[in-house]
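Data block below; observations after.
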Amino acid sequence: MRPNVEKTIEMREETEFMTDTLIGPELRDQARETGGDLACREYDADLWFSEQPTELEFAKSLCTDCPVRLACLAGALERHEPWGVWGGEIFEKGNVVARKRPRGRPRKDAALIEQAAQAELAQRTRELALAGVTVS
1 MRPNVEKTIE
11 MREETEFMTD
21 TLIGPELRDQ
31 ARETGGDLAC
41 REYDADLWFS
51 EQPTELEFAK
61 SLCTDCPVRL
71 ACLAGALERH
81 EPWGVWGGEI
91 FEKGNVVARK
101 RPRGRPRKDA
111 ALIEQAAQAE
121 LAQRTRELAL
131 AGVTVS
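Residue 82 in full-length UniProt numbering sits at position 82 of the sequence shown, and the numbers go up by one each step.
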């Protein structure tokens, strides 16, 4: 088997183990008692540990209605989870982060786009002020 394929299989087994063990039987039992399903057990475990920001946002959205979301989040905070989505939050290096940035450098033209947007807003504000419209 190729090394990267072996690593992928190993990582997948690890993520399945993590969601199985760290969510734990007590949270699964609590979910059954409330009549809810655990999305982390229904969807591919890799989704909760993805490198893709869009996949992590999707995983977060699946946690929204989870009956054990707060308990899952509390457990992850207590364990200082190094990465993944836990309780509807993204963990990176043991900290909760609002959004996962994609790999690589930001686009070079991002600052120029922001400058142009600010200039256009300032121009519109001046035009409205000249027309007697108060802008707050």
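Quick reminder that beta carbons are idealized off the backbone N, C-alpha and C, glycines included.
Given the structure is predicted, the values throughout are model-derived calculations rather than measurements.
Query, Result
"For the alpha helix (DSSP H) containing Glu55, list its first residue and its last residue.", "Pro53 to Cys63"
"Whole-angstrom Cβ separation of Val85 and Leu38, contact assumed at under 8 Å?", "Between Leu38 and Val85 the Cβ distance is about 13 Å, and since that is not below 8 Å, they are no contact."
"Assuming contact is defined by CB atoms lying nearer than 9 Å, are Trp83 and Phe58 in contact in what I supplied?", "no"
"Could you tell me the alpha carbon to alpha carbon distance between Gly87 and Ala117, rounded to whole angstroms?", "36 Å"
"Would you decide whether Lys7 is buried or exposed? Buried here means 16 or more other CB atoms lie within 10 Å of its CB.", "Summary for Lys7: the model assigns pLDDT 47, below 50, so the residue's position carries little reliability; its value from the coordinates is reported in the next sentence. It counts as exposed."
"Would you mind working out which of Gly75, Ile113, Arg126 and Glu42 sits nearest Val96, comparing C-alpha positions?", "Gly75"
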